[in-house]
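S.K.: Chains as they are written, first to last, in our numbering: chain A, 20 to 191; chain B, 11 to 421; chain C, 333 to 547; chain D, 36 to 432.
No residue lacks a Cβ here, since even glycine has one placed at the ideal position from N, Cα and C.
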Amino acid sequence: MTLALILIAVLMLGSAATAMLLRNLIHSALLLILSWAGVAAFYLWAGAEFVAFAQVLVYVGAISMVVLFAVLLTRQNRIVDVLIEPATKARALAGLFVGAGMAALLSVAVCYTKFPALADAAPQTSVKEIGLVLMRQHGGALLIVGVILTVALLGATILAATEAKRQPEDKP
Amino acid sequence: MSAVPFLERAPIELRDWFVQLLPGPLQWLTHHLITVVAILAVFGLFFAFTTVAERKLLGRLQNRLGPNRAGVPKFSILPWHLRHKLWGLTQPFADAVKALTKEDIVPTAADKVLHFLAPVIIVGFSLMGFAVLPFGRLLIPVELDAALLYFFAAGAATELAIFMAGWSSHNKYSLLAAMRALAQLISYELPLILSVVPIILVTGTLSTSAIVHAQGFWTFGLLPHWFVFTPWGAAGFVIFLVAALAESNRSPFDLPEAESELIAGHLTEYSGFKYALFFMAEYFGLTALSGLGVTLFLGGWQAPCAFLEFIPSYLWFMGKLVGMIMFFIWVRGTLLRLRIDQLTRLSWKFLVPLALLNLGNAAFWVLSAHWAGPLQLVRWAVSLAVIVIPFVVMGRSITTGYGPRSYRYAP
Amino acid sequence: MLGTGILKGLLVTAKNFTGSYHDPKRMVTVEYPEQKTVLPENYRNFPFLVSESADDPMGTLRCVACQICEKECPPQCIIIEKSKDKKPDAAGKQQFYPAIFSIDTSVCMSCQICVEVCPFDSIKMDKVFEIAATDRFQDLLLTRDRLAKSNSYYHQIHPEEAAEVDGRLAAERKIAEEKAKAAAAAKAAAAKPAASVNPASAPAAPAPKTPPPAA
Amino acid sequence: MSCSDQTGLDAELLAFGRQSGPTVRAVHDQFHGDLLEVSMGPQHPSTHGVFRMVATLDGEQIVKLKPVFGYLHRNHEKIAENTTYLGSMPYTDRLDYLCSMTTNWAYALAVEKLSGQAVPDRAQYLRIIMGELTRLVNHSCLVGFLFNDLGTSFTPLLYAFREREKILDLFESLSGSRMMCNYQRFGGCRVDPSPAWLAAARALVDNFPRFLDEYERMLTGNEIMLARTQGVGRLDPAHAVNAGLTGPVLRASGVDYDIRKVDGYGFYPRFDFRVPLGAHGDTYDRYMMRILEMRESVKILQQAFKDLPAGPIMDPKAKIRGFRPKPGEAYGRIEGPKGELGFYLISDGSPNPYRYRVRPPSLINLTLLEEMCLGHTIADSVVILGSIDIVLGEVDR
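1) From the DSSP output, in three-state form, read off C130 (chain A) for me.
2) Mind checking G268 (chain D): buried by the 16 CB within 10 Å criterion, or exposed?
3) So with CB distances below 7 Å, who are the chain C contacts of G405 (chain B)?
4) Looking only at C-alpha atoms, which of C:Q427, C:I463, C:A515, C:I455 sits nearest to A494 (chain C)?
5) Mind checking whether S281 (chain B) and D155 (chain B) have CB atoms under 8 Å apart?
6) Look at the alpha carbon of Q265 (chain D) and the alpha carbon of W55 (chain A), and state the distance between them as a whole number of angstroms.
7) Alpha helix (DSSP H) containing F7 (chain B): first to last residue?
8) Do three or more CB pairs link the stretch 179-195 of chain D to the stretch 222-234 of chain D at distances below 8 Å?
9) Starting from the Cα of A262 (chain D), find the closest Cα among B:L353, B:L204, B:G214, B:A193 and give me that residue.
10) Suppose the cutoff is 8 Å on Cβ atoms and the five residues either side in sequence are ignored; what does the same chain contact list for Y250 (chain D) look like?
11) Going by CA-CA distance only, name the one from B:E169, B:P117, B:R74 that's closest to A81 (chain A).
12) What's the gap between the Cα of I163 (chain D) and the Cα of E364 (chain D)?
13) Taking only three categories from DSSP, how would you classify T318 (chain D)?
14) Indicate whether at least one CB of chain B lies closer than 8 Å to the CB of G174 (chain A).
15) Do F307 (chain B) and G426 (chain B) have their beta-carbon atoms positioned less than 8 Å apart in this structure?
16) Taking 8 Å as the limit between beta carbons, can you name the residues of its chain near Q427 (chain C), skipping five residues before and five after?
17) Can you tell which of D:H315, D:T318, D:R309 has its C-alpha closest to the C-alpha of I335 (chain D)?
18) Buried or exposed for F458 (chain C), going by 16 or more other Cβ atoms inside 10 Å?
19) Return the chain-ordered list of same chain residues with a C-beta closer than 7 Å to the C-beta of R468 (chain C), the five sequence neighbours on each side being excluded.
20) So the alpha helix (DSSP H) F374 (chain B) belongs to, where does it begin and stop?
21) So L394 (chain B) contacts chain G; which residues on that side make the cut at Cβ distance below 9 Å?
22) Does DSSP put D387 (chain C) in a helix, a strand or coil?
23) Please say whether L137 (chain B) and F294 (chain B) have beta carbons closer to each other than 8 Å?
24) Within its chain, find whatever has a CB closer than 7 Å to the CB of L107 (chain D); leave out the 5 residues flanking it on each side and keep chain order.
25) What in chain D is Cβ-close to T361 (chain C), meaning under 8 Å?
26) I believe F358 (chain D) touches F189 (chain D) by the beta-carbon criterion, under 8 Å. Please report the beta-carbon distance rounded to the nearest angstrom.
27) At the 8 Å Cβ level, is Y126 (chain D) part of the contact set with chain C, yes or no?
28) Going by DSSP in three states, G374 (chain D) sits in which element: helix, strand or coil?
29) Please list, in chain order, all residues of the same chain as R260 (chain B) whose beta carbon is under 7 Å from its beta carbon, the five residues on each side excluded.
30) Please go through the same chain and pick out, in chain order, the residues whose beta-carbon is closer than 8 Å to the beta-carbon of P57 (chain D), but skip the five residues on each side of it.
31) Would you call G76 (chain B) buried or exposed, if buried means 16 or more other Cβ atoms sit within 10 Å of its Cβ?
32) Got a sec: is the Cβ-Cβ distance from R60 (chain D) to anything in chain B below 8 Å?
33) With a threshold of 8 Å between beta-carbons, can V172 (chain D) be considered close to chain B, or not?
34) Can a CB atom of chain A be found closer than 8 Å to the CB of F162 (chain B)?
35) Write down the C-beta distance between L239 (chain D) and I294 (chain D) rounded to the nearest angstrom, noting that I regard them as a contact closer than 8 Å.
36) Would you say the stretch 120-130 of chain B touches the stretch 192-204 of chain B, given that touching needs at least three Cβ pairs under 8 Å?
Put into structure tokens, the structure is as follows:
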């Protein structure tokens, strides 16, 4: 089974890396989506079906659309991509320094957290239990997330509506 | 296992007999491989004959015969007269050969990688939807606890593929069509999922086979307990049908490939086998969605009456599936196409509020389950009112300004 | 109520669907190669030349190459060349005949104006519509031998019209004969007094020349 | 639309807005970016023949629309100057190839006015019968094509064609050809219909309303149809009159102008029929005009069959060949299914007309296409074009 684990990890990291390096924005956005699918594969491998399907539904289904629309609408129809200034020595040093700092922070976090001992089998939880736990212990958090989403939705519609008002098209 | 009639057990026993023939490690693999091959074969043929059924049914709707000319190749063993009169049943194979042999043109300015990847993704994901549908009492490919969530997750990537097709064709029409397709799919994902939530609320589980079992009983042996016969179930079924039509880009909502405006929408730059793949994906998506509709609302493989139980369950499932596909074809033969802004307005201003109301209605239905005798009538009445009144009121508000007109004549 | 219009529409198509199985009015397809629709009597496609006898269509053409149809044809698709010598026609009169008479069917729009203007009823409209050709120039330019068809064929495709045309032609021929007999009798009467003056010098009288029928 | 930089673009947009043609809303907004120019046609599945619309789109909405036609120009009027009067008659079938009988009638009317030719009663009645049958053919065709543009998969079109084919079979058994009838002559008609033909025609006309009822039940109340056509392509009566529009498109805007009532040509004053008028002038009204006009035509046909007089169908003095009208000019016009179809002839005494001019209703109804389509989406522009009912043979001549 560890072979499958390594394969998924390689797929995920590979697609994330190439997403960073490619010049074509659309290609890199799609590779980013591929890496999200990798995360979902991890959940499945770990036996958490509910979370894996939620991840695919939310990320590959919806957020990928948001990313692609963002890439499409903000580009000023320039065929050529964003211009990057020549790499001077000072910029390279600064980049190296920030990279090293981030790497140190992450490795510290990974090393010092105490992972619980490997349980003999993946915990078999049914969807009903997840639902009950969500509603009982984390009911508050769920409601807050709901409120945030509705506010975001209303904001988007008001933005779009005002734009339509300024340009009244045909009435039925 | 033996209590179940023979026909019911036949496919399972065949598979088990074949699996235990093989050595140990291979058994798990062949077990699932057989299921996958069975699904591909059955629904591959089902797709082939749906295309013929669609053309023949549309033909009959339009007072003409459908295709009946595709004969059998000369060297076949069929006697002469049979070869001629085949009612067009070999039409799909003729179409398949045509699709395979047609040249596959890729425009030079197109984005080759995405152009090739789009059909692959769309067929892959629309096929994955079949994994959780319970075809028969014992015939369920994968027993998943979160089956419904899996189904909608599998359906989510079709938007991605349509966008890739539209964007990579590097053609004005495809771009417009890709935008339209996305707007349509996203705005109809919500009513589709919201129309399914009351079922989960009532049955308390996401697994499709449990839902079908919940619809298993009959009052006086005649009236089945399918969810479509409850007020909130009927409303949910109507919303589900409308949303399924929109999700699979069919008739009143086939905007992306609106011939009269955008030639073939995001499929303009596809030809040959890739076009056939898109075509196949659309039908697989349609079959999967109507399979889900049958499972949730029409009692999956349950027989309509108690004494009809002897007929194997998978035949009931297939019958209902064919019935629903015939309904979709019938709607395609009749209705006009909606404009993109009307389409989205219908979804956000009409279907989503109704679906939310239906959710409340299902909650009321569950809470009032224990009411005694005459109160049951009150329960039905209230449940119906909660759906019908807003439907009429909102229906009137959405059609303000439209209506039949009377005409005067010159003096 | 929203949706009633759509339901009514669905009912109409359903009625058409069920009707297509039993109601002939709702199943209009004719499977062409096997079942053929019968063409109405007045149907017209490209013209053809009427000839008196079936066994020698080329020899007994009714057409006298008066070239009226060539002048009147709107797209000018008829090509006629008058013959040098003459040939007796049905009534025994010496008439020209068309040495070359060809119709370019790629230009002809089958408007049957040539039939209307032809004083001799020698060109009529055919009913053959399955005329596929491989070569655009030779095959579509119908020469005289492919155009000539017998009067019996004409009766076969346009029965009423042919009967009416034959009736009219027979009547005309009868009038022509009476006029010819009257003229012959008048000439004979005029010739008798001359004959009594010089019976010996009159050579054997040639066959009486009948005046040409009224144009 | 070259990609100039931001400020250049605004200037260009404003200049663009002030160009000639109806006022274009000055579309100037940071959010809009470039306008997308889409050319629909001439090979486009729904432009009724070789017709091209160059639409400039802002997102889905049309900002500017330029119709381009002329792809089917066959030089009809110049050819007519070199052919005899009778020779041009078969060419008039090819003008509006959906209604050849009415075009023949208009041409025959003009020549009769030029040469003062009389027409016997039976021929006048036959002309009215053929004219109204052609109106049924044309309107049922149009309604079928309109629904095809609206997006149904051919069902209403095939129902309409089922009825149209019955009428075309009648034309074929009478004049010899389904669409290229070449039936009228100067001074009467060419073929006298047999009693069997008249009985068949009467039976067809009597159950034609059943088809209309089926159509109305299926589509007129359809909510999607109402939503797609009501309020779309609104045409203001004053503009329509100024642009010289005629026919159902004009009457849909409420202007009462039907040449059958205005001129009273042929024997129309003897028939009692009504002229329907619309109130909103949008695509739905234009569709209903055709349906109501079909019902009126059925009434006219029933009256015509009832009192069809006996007698000759051709004026005895009419000459087939060597027809030389005296020098002068004449303009004969009729109420064709698409509008006022007129023929203007100048004769100089020779067998060929000196000048031969056709007033094509399709072309003139097309001039206001841009004004109707402004502000609507592409899907609407196709429907509006369909509701105007143009036939490219008549537009390009």
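M.R.: In short, the structure shows the following:
1) helix
2) By the neighbour-count criterion, in which a residue is buried when 16 or more other Cβ atoms sit within 10 angstroms of its Cβ, G268 (chain D) is buried.
3) M333, L334
4) C:I455
5) no
6) Take the alpha-carbon of Q265 (chain D) and the one of W55 (chain A): they are about 47 Å apart.
7) With chain B covering 11 to 421 only, the question about residue 7 (chain B) has no answer from this structure.
8) no
9) If we check each option's Cα against that of A262 (chain D), B:L353 comes out closest.
10) Only V178, P191, Y194, A195, I326 meet the Cβ criterion.
11) B:E169
12) Looking at the two C-alpha atoms, the distance is approximately 25 Å.
13) helix
14) no
15) This structure cannot settle anything about residue 426 (chain B), because the visible part of chain B is limited to 11 through 421.
16) The answer, listed in chain order, is V396, K418, K419, P420, D421.
17) Measuring C-alpha to C-alpha distances from I335 (chain D) to each of D:H315, D:T318, D:R309 identifies D:R309 as the nearest.
18) Strictly speaking, residue 458 (chain C) in this sequence is Asp, with Phe absent from that position. D458 (chain C) comes out buried.
19) By the criterion of a C-beta distance shorter than 7 Å, R468 (chain C) is surrounded in its chain by S438, once the five residues flanking it on both sides are discounted.
20) 362-377
21) The structure shown contains no chain G; the protein chains it does contain are A, B, C and D.
22) Residue state, collapsed to three classes: coil.
23) yes
24) G84, V85, L427, G428, D431
25) Here the premise fails: no neighbours, minimum Cβ distance about 10 Å.
26) Between F189 (chain D) and F358 (chain D) the Cβ distance is about 46 Å, and since that is not below 8 Å, they are no contact.
27) In terms of beta-carbon proximity, Y126 (chain D) lines the interface with chain C, with at least one pair separated by less than 8 Å.
28) strand
29) Within the same chain, Cβ atoms closer than 7 Å to the Cβ of R260 (chain B) are found at L296, F338, R342, the five residues on either side in sequence being excluded.
30) Residue placement at P57 (chain D) is poorly supported in this model, since its pLDDT is 39, which falls under 50; the coordinates are not used for a value here.
31) Buried is the call here.
32) Its pLDDT being 39, under 50, R60 (chain D) is placed unreliably by the model, and nothing is read from it.
33) False, the Cβ-Cβ gap to chain B never drops below 8 Å.
34) So yes, F162 (chain B) belongs to the interface.
35) Not a contact, Cβ separation roughly 26 Å.
36) Under the three-pair Cβ rule at 8 Å, the stretch 120-130 of chain B does not count as touching the stretch 192-204 of chain B.
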